[in-house]
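Worksheet: the structure to be examined is printed underneath.
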């Protein structure tokens, strides 16, 4: 049971955007920060403001002590990989104490008329130890341009050792039949590499898989490939084939293989009743199994901004930072309230902000209208604490949720 009294006190302080908390004196650099409010054991909340020549940066910060056994973090997500939901709804579904929005996602298919938007996230996703999906090719991502050295395989992860870390998850998989063995290049992804084969499980949902063969490894706007094929595997055997990706729910225990170009030619060689073995797993660079992981590109490493970060585009940002050798997780979202001379940050400025907040490592998560920061109110319901820049809370692909039991 969570300590209801603690939450009630926190709600009294948070109501009205933290106005009940006297800010500390302004620093020489124009930075002010409210006194931390304890939401639960090992979890505190604060607001901050920083004055820039173009306006005021207003943000919300959650500090999570991962070394506390009462505290845990997990990836929140809808019932399907190809689906979206508001952060508050995702938090309520899991009874999370607090949450921020997560990875960038397939938000529009204006460049591919008639192709269904999947809502699926860009990077790898792991929730409660379950590997949900792999990363789309770098050129197929949504969001700001990746800085040099970054990739869609980059994640923020929390291991079963209760330590947060930056990692890189790569899909390793194989499709084997009597006619050959081919690498598996995708797992529940809205886009597949050119020439590749991807696997779709019941976790994908009911959305059409057609988007998987649109675009190229370097150009998301490129057309959809007609050289495609699909094969449904059930009980280890081919039960259905098609000359284009389909739609609809996938039966539990079944796997739908989608191939493009060379991958499609391999799938066309399969016959009904033929045995097919499929294996897949996400492999990290660092040792230790991840309890959860969310896609996001690094902006801060060892206290230094990553090279080549954008210094032009200004928008609201969400970020996750790591401090104290992985024992502390910092979750931050900016406030987009209109009419208060508020401004966002460039990615390079975000790196500096996260360093100033105490992070040694940090990733940029989805921003703009997706930036959402929620905490539980006195009744245990998730309430949005920041002001998203869109008219109402935007449905997103996933979120980072915080849990604290006392």
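Residue numbers (my numbering): 1 to 406. Virtual Cβ for every residue (Gly too), placed ideally from N, Cα, C.
Reducing DSSP to helix, strand and coil, say where residue i ends up.
i, result
"residue 68", "coil"
"residue 370", "helix"
"residue 388", "coil"
"residue 316", "coil"
"residue 403", "strand"
"residue 341", "coil"
"residue 97", "coil"
"residue 427", "In the structure as shown, the chain starts at 1 and stops at 406, and residue 427 therefore has no counterpart that could be examined."
"residue 350", "helix"
"residue 262", "helix"
"residue 21", "With a pLDDT of 40 at residue 21, under the threshold of 50, the predicted position of this residue should be treated as unreliable, though the coordinate-derived value follows. Three-state result, residue 21: coil."
"residue 131", "strand"
"residue 356", "helix"
"residue 14", "The predicted position of residue 14 is uncertain, since its pLDDT is 36 and thus under 50; no value can be drawn from it."
"residue 365", "strand"
"residue 146", "coil"
"residue 398", "coil"
"residue 325", "helix"
"residue 37", "strand"
"residue 139", "helix"
"residue 121", "strand"
"residue 167", "strand"
"residue 106", "coil"
"residue 116", "coil"
"residue 333", "strand"
"residue 81", "coil"
"residue 29", "coil"
"residue 429", "Because the chain in this structure spans residues 1 to 406, residue 429 falls outside the shown range and cannot be described."
"residue 393", "coil"
On a CA-only basis, which of the options is nearest residue i? Give me that one, please.
i, options, result
"residue 381", "71, 52, 95 and 388", "95"
"residue 363", "300, 343 and 284", "300"
"residue 192", "209, 201, 344 and 65", "209"
"residue 258", "194, 83 and 293", "194"
"residue 207", "329, 97 and 116", "116"
"residue 304", "350, 293 and 277", "350"
"residue 198", "272, 81, 337 and 280", "280"
"residue 82", "121, 171, 100 and 69", "121"
"residue 244", "254, 75, 228 and 387", "228"
"residue 46", "54, 36 and 52", "36"
"residue 307", "171, 75, 101 and 148", "148"
"residue 150", "167, 324, 176 and 371", "167"
"residue 42", "372, 71 and 277", "71"
"residue 270", "38, 285 and 239", "239"
"residue 79", "52, 322, 205 and 99", "205"
"residue 54", "384, 385, 340 and 267", "340"
"residue 141", "75, 215 and 177", "215"
"residue 276", "232, 291, 144 and 251", "232"
"residue 360", "319, 377, 333 and 338", "319"
So residue i and residue j are in contact, right, with Cβ under 8 Å, and what is the actual spacing, rounded?
i, j, result
"residue 105", "residue 396", "7 Å"
"residue 230", "residue 256", "6 Å"
"residue 77", "residue 127", "6 Å"
"residue 283", "residue 97", "The Cβ separation is near 31 Å, so there is no contact."
"residue 343", "residue 312", "Wrong, their Cβ atoms sit about 14 Å apart, outside the cutoff."
"residue 200", "residue 118", "Between residue 118 and residue 200 the Cβ distance is about 11 Å, and since that is not below 8 Å, they are no contact."
"residue 124", "residue 169", "4 Å"
"residue 365", "residue 296", "5 Å"
Nearer than 7 Å: is that true of the beta carbon of residue i relative to any heavy atom of the ligand GTP?
i, result
"residue 179", "Inclusion of the ligand GTP in the displayed structure is not the case, the ligand content being empty and no account of it being possible."
Inter-stretch contact at 8 Å, needing at least 3 Cβ pairs: the stretch 177-185 / the stretch 84-92: no
State whether the stretch 46-64 contacts the stretch 111-126, with contact taken as three or more CB pairs (one from each stretch) at a distance under 8 Å. no
Within the chosen definition, does the stretch 119-139 reach the stretch 207-225 through at least 3 CB pairs nearer than 8 Å? With a cut-off of 8 Å, the stretch 207-225 and the stretch 119-139 count as touching, because enough Cβ pairs lie within range.
Continuous beta strand (DSSP E) assignments of at least 3 residues falling wholly in the stretch 260-309: 277-283, 290-295 and 297-301
Which residue spans inside the stretch 187-232 form an unbroken beta strand (DSSP E) run of at least 3? 197-200
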